[in-house]
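Report on the following structure.
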Amino acid sequence: MTQDEMRALVLAELQRIAPEVDGAALDGARPLREQVDLDSVDYLGFLVALHKATGVDIPESDYEAVATLDGCVAYLLAH
Amino acid sequence: MSLDQPTSIAPPALRKPQGEWAVPPNLRDYDDARRTFTWTDAARALDGSPGGGRNIAHEAVDRHAASARAGQDALRFLHRDGRRTALTYAALARATRKFAHVLTGLGVPAGSTVFVLADRIPELYVAALGTLRHGSVFSPLFSAFGPEPIRSRVTLGEGRVLVTTVALYKAKVMAQRAELPSLEHVLLVGTPEEVAALPGTHDLRALLAAAPDHPVLAPTTADSLALLHFTSGTTGRPKGAMHVHGAIVAHLATGRLALDLQDGDVFWCTADPGWVTGTSYGIIAPLAAGVTCLVDEGDFEPERWYRLLAQERVTVWYTAPTAIRLLVRAGAELARAHDLSALRFVASVGEPLNADAVVWGQEAFGQPIHDNWWQTETGGIMIANYRAMDVRPGSMGKPLPGVDAAIVERTNDEQVRVLDAPDAQGELALRAGWPSMFRGYLHDEERYRRCFADGWYLTGDLARRDADGYFWFVGRADDVIKSSGHLIGPFEVESTLLEHPAVAEAAVIGVPDPVAGELVKAYVVAKPGQAADDALAATIRGFARQRFGAAVAPKSITFVPRLPRTRSGKILRRLLKARELGLPEGDLSTLEEPAPPPAGGEHTP
Chain A
4 MTQDEMRALV
14 LAELQRIAPE
24 VDGAALDGAR
34 PLREQVDLDS
44 VDYLGFLVAL
54 HKATGVDIPE
64 SDYEAVATLD
74 GCVAYLLAH
Chain B
14 MSLDQPTSIA
24 PPALRKPQGE
34 WAVPPNLRDY
44 DDARRTFTWT
54 DAARALDGSP
64 GGGRNIAHEA
74 VDRHAASARA
84 GQDALRFLHR
94 DGRRTALTYA
104 ALARATRKFA
114 HVLTGLGVPA
124 GSTVFVLADR
134 IPELYVAALG
144 TLRHGSVFSP
154 LFSAFGPEPI
164 RSRVTLGEGR
174 VLVTTVALYK
184 AKVMAQRAEL
194 PSLEHVLLVG
204 TPEEVAALPG
214 THDLRALLAA
224 APDHPVLAPT
234 TADSLALLHF
244 TSGTTGRPKG
254 AMHVHGAIVA
264 HLATGRLALD
274 LQDGDVFWCT
284 ADPGWVTGTS
294 YGIIAPLAAG
304 VTCLVDEGDF
314 EPERWYRLLA
324 QERVTVWYTA
334 PTAIRLLVRA
344 GAELARAHDL
354 SALRFVASVG
364 EPLNADAVVW
374 GQEAFGQPIH
384 DNWWQTETGG
394 IMIANYRAMD
404 VRPGSMGKPL
414 PGVDAAIVER
424 TNDEQVRVLD
434 APDAQGELAL
444 RAGWPSMFRG
454 YLHDEERYRR
464 CFADGWYLTG
474 DLARRDADGY
484 FWFVGRADDV
494 IKSSGHLIGP
504 FEVESTLLEH
514 PAVAEAAVIG
524 VPDPVAGELV
534 KAYVVAKPGQ
544 AADDALAATI
554 RGFARQRFGA
564 AVAPKSITFV
574 PRLPRTRSGK
584 ILRRLLKARE
594 LGLPEGDLST
604 LEEPAPPPAG
614 GEHTP
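As given, the protein sequences belong to chains A and B, one line each in that order. Taking the numbering used here, the leading residue of the first sequence gets 4, the next gets one more, and so forth. Taking the numbering used here, the leading residue of the second sequence gets 14, the next gets one more, and so forth.
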């Protein structure tokens, strides 16, 4: 999977949780939760959805690595 | 909703050690404390304002700033960008004086409502205590709220001053400023350039820097209005629960008895001050007790939270079921990988903490998690599991010394009957008169009056008391939804959903969720000609999220051809809920016509 494909996948899952999100307006380097209104339940649902879509396990200890869109894409590609 | 489901078998009680304690608990013997405690004695633990009267800012700040605690950290901030700053009691006294002078300088009269909409930044705390010092009323707004809940609360509360940040102002207030005519002053936290670019606002940091810092304290009494907390009911507008300066007697007493706050403690209450817990226990109680209060600006992340507990040597930790359930999910090993040896007491509030999570605390922290119970209206903890009392997992514990609780049944003549039999199920009631009891719902005297009968405050929660005096939560007596510890009024959400052009009718209920307790779910009747599909569900959810914020907006939408209503037209939310849960539907004699079961799929993310 290319970086662009992974980014599209992550955005699609994010928009399933938060349909109002405009992917083009997101800053990939800033934490997602500072830009998108996600409560704990939303955020957990997002990470679980990423796991289901990619098969990549994201343990709680790695949550900081996936906090930004860029970090998330890189993490999923690397694992 | 049917309430006669069998009670699950509770795990055995967790015994507390009886002998010597390394740090003795404030409350060692529950029965003895109940016998000897009086609120009059509790009030003696405070000073009283220098000129007489009572002011929270004096008791929580000035009293310590004039003592050996002056140089101790009152608030320790862990900023999002990783910085770690602090305000000592002396510095907090100075900053809150300046804030009070800023209000005076703007011509704000005492008794004004000051709304604060901010993340957990230092200015929020300075504004809260500075407002109280000024004799005005502090009303917090949850920063995750969307524009709609902000508008309704500022309007209802007739907010004269709003303290917020440039980012939040631009995102949530600016566009609707013209609809908030009561708002005379908007004080913004941001860079001078950012604030200068926004007409009709002031630069809070510049005003604070220029303000004098000589002592100032409004001549408030124990009965003067101090705090306005909005909460939700089944019907109508949000309710503004009014609290007085005298409530600090209960904040301090409950902080010491239920949370075991002691000299030298580092206390972390993870609740946001946008909710009552974050004000009563995230600001007032710990400062009244003279401890150091940790403030984490960031969001919940298991690893980071454990790191904070370890690094900051947190001794008392007050958090919420949703966070605990997520920590349980992350595993006790993650907790044990950190040095949590300083942690003396762990407590939870928000909604009932499930028994297995209470017990899990032993694995993770070497102690059960101590659940307690209270509401916006009670102002402080009313029923609790104490450090030295055996814990029955799943129970909310026993009433605080000075608090009388009972299970009652409302009778037809607006009186109540106390149900004394063990395990009898009824409404949880509290004998009126504790210091932090709310003194009214703003502009809604009738609604306030209906909360009381025969000298009891009726909580709207259904509960039972076992033979040994432990109380157990059963459910809500009304249709209010409790999600991640927040009360959400279905009517407020339904009304706004109806503003979406594709929505003809809407009904909102809470559905059980293992993490959040309940999640908000909407049943929607689409307007004729609208395709009731996934795309429309996503559009409506996006609309609702932007209006309410994630914490309040429905997490799922199901389209139905019509809603079940009574003959008088009231939505039968209970019936929707019973169907959702597969429970008996109960008495349907008032139903206008049999409603078909939900059609179409579930539209969850």
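Virtual Cβ for every residue (Gly too), placed ideally from N, Cα, C. Every value quoted in this text rests on a predicted model; they were computed, and no experiment measured them.
Residue i touches chain A at which residues, Cβ-Cβ below 7 angstroms?
i                      : result
residue 564 of chain B : 42
residue 497 of chain B : 42, 43, 44
residue 552 of chain B : 22
residue 339 of chain B : 43, 47
residue 335 of chain B : 43
Would residue i be called buried (16 or more neighbouring beta carbons within 10 Å of its own) or exposed?
i                      : result
residue 360 of chain B : buried
residue 80 of chain B  : exposed
residue 246 of chain B : buried
residue 24 of chain B  : exposed
residue 590 of chain B : buried
residue 329 of chain B : buried
residue 39 of chain A  : buried
residue 295 of chain B : buried
residue 111 of chain B : buried
residue 612 of chain B : Confidence is the limiting factor: at residue 612 of chain B the pLDDT is only 43, short of 50, which leaves the residue's position unreliable, though a coordinate-based value still follows. It counts as exposed.
residue 581 of chain B : exposed
residue 607 of chain B : Residue placement at residue 607 of chain B cannot be trusted, given a pLDDT of 48 that sits under 50; what the coordinates show is reported in the next sentence. Exposed is the call here.
residue 76 of chain B  : buried
residue 511 of chain B : exposed
residue 12 of chain B  : Residue 12 of chain B lies beyond the range of chain B shown here (14 to 618); nothing can be said about it.
residue 82 of chain A  : exposed
In chain A, which residues lie less than 8 angstroms from residue i when you measure between Cβ atoms?
i                      : result
residue 528 of chain B : 43, 44, 47
residue 157 of chain B : 40, 42
Measure from the alpha carbon of residue i to the alpha carbon of each residue in the options, then state which is nearest.
i                      : options                    : result
residue 435 of chain B : B/477, B/466, B/445, B/465 : B/477
residue 525 of chain B : B/301, B/544, B/365, B/279 : B/365
residue 61 of chain B  : B/347, B/462, B/74         : B/74
residue 552 of chain B : A/13, A/11, A/25           : A/25
residue 291 of chain B : B/393, B/271, B/341, B/318 : B/393
residue 95 of chain B  : B/309, B/512, B/258        : B/309
residue 534 of chain B : B/557, B/344, B/570        : B/570
residue 34 of chain B  : B/158, B/538, B/407, B/401 : B/401
residue 227 of chain B : B/104, B/315, B/317, B/219 : B/104
residue 315 of chain B : A/35, A/21, A/61, A/78     : A/61
residue 214 of chain B : B/223, B/203, B/224        : B/203
residue 271 of chain B : B/575, B/40, B/513         : B/40
residue 238 of chain B : B/453, B/508, B/554        : B/453
residue 376 of chain B : B/337, B/408, B/413, B/386 : B/337
residue 420 of chain B : B/64, B/243, B/207, B/487  : B/487
residue 515 of chain B : B/459, B/540, B/521        : B/540
residue 381 of chain B : B/397, B/389, B/391        : B/397
Using the beta-carbon of each residue, which ones in chain B are nearer than 8 angstroms to residue i?
i                     : result
residue 78 of chain A : By Cβ distance, chain B contributes nothing, its closest Cβ being about 14 angstroms from residue 78 of chain A, past 8 angstroms.
Please list, in chain order, the chain B residues whose beta carbon lies closer than 9 angstroms to that of residue i.
i                     : result
residue 67 of chain A : 314, 316, 317
So with CB distances below 7 angstroms, who are the chain B contacts of residue i?
i                     : result
residue 23 of chain A : 555, 558, 559
residue 36 of chain A : 312
residue 63 of chain A : 315, 316, 343, 347
Quick one: list the residues of chain A neighbouring residue i, beta-carbon separation under 9 angstroms, in chain order.
i                      : result
residue 532 of chain B : 44
residue 183 of chain B : Here the premise fails: no neighbours, minimum Cβ distance about 14 angstroms.
residue 540 of chain B : Those within 9 angstroms of residue 540 of chain B in chain A number zero; the least Cβ separation is about 19 angstroms.
Which complete beta strand (DSSP E) runs does the segment 36-120 of chain B hold, if anything under 3 residues is left out? 86-91, 97-101
If contact is defined by three or more beta carbon pairs under 8 angstroms, each pair taking one atom from either stretch, is the segment 152-168 of chain B in contact with the segment 128-139 of chain B? yes
Ignoring anything shorter than 3 residues, give me the beta strand (DSSP E) runs that lie fully in the segment 117-176 of chain B, in order along the chain. 126-130, 150-154
In chain order, which continuous runs of the alpha helix (DSSP H) of length 4 or greater are located wholly inside the segment 469-539 of chain B? 503-510
Could you tell me whether the segment 587-599 of chain B touches the segment 549-566 of chain B, where touching means 3 or more Cβ pairs closer than 8 angstroms? no
Assess contact between the segment 528-536 of chain B and the segment 7-15 of chain A, defined as three or more Cβ pairs (one per stretch) separated by less than 8 angstroms. Is contact present? no
For the segment 82-89 of chain B and the segment 242-259 of chain B, state whether three or more C-beta atom pairs, one from each stretch, are separated by less than 8 angstroms. no
Is it a yes or a no for the segment 261-278 of chain B touching the segment 304-318 of chain B, going by three-plus beta-carbon pairs under 8 angstroms? yes
Report yes or no: do three or more beta-carbon pairs, one from the segment 460-468 of chain B and one from the segment 483-492 of chain B, lie closer than 8 angstroms? no
Do three or more CB pairs link the segment 138-146 of chain B to the segment 103-120 of chain B at distances below 8 angstroms? yes
Report yes or no: do the segment 487-495 of chain B and the segment 341-356 of chain B share at least 3 C-beta pairs separated by less than 8 angstroms? no
Could you list the residues in the segment 572-601 of chain B with a C-beta less than 9 angstroms from some C-beta on chain E, going in chain order? Protein chains A and B are contained in the structure displayed, whereas chain E is not.
Go through the segment 203-253 of chain B residue by residue and report every complete run of the alpha helix (DSSP H) that reaches 4 residues or more, in order. 205-209, 217-223
Inspect the CB distances between the segment 496-507 of chain B and the segment 441-453 of chain B and report whether three or more fall short of 8 angstroms. no
Determine, using beta-carbon pairs with one atom in the segment 169-182 of chain B and one in the segment 192-209 of chain B, whether at least three such pairs fall under 8 angstroms. yes
Using a Cβ distance threshold of 8 angstroms, determine whether the segment 410-419 of chain B contacts the segment 43-57 of chain B, with at least three qualifying pairs required. yes
Please specify which runs of the beta strand (DSSP E), each continuous and at least 3 residues long, are wholly inside the segment 432-460 of chain B, giving them in chain order. 438-444
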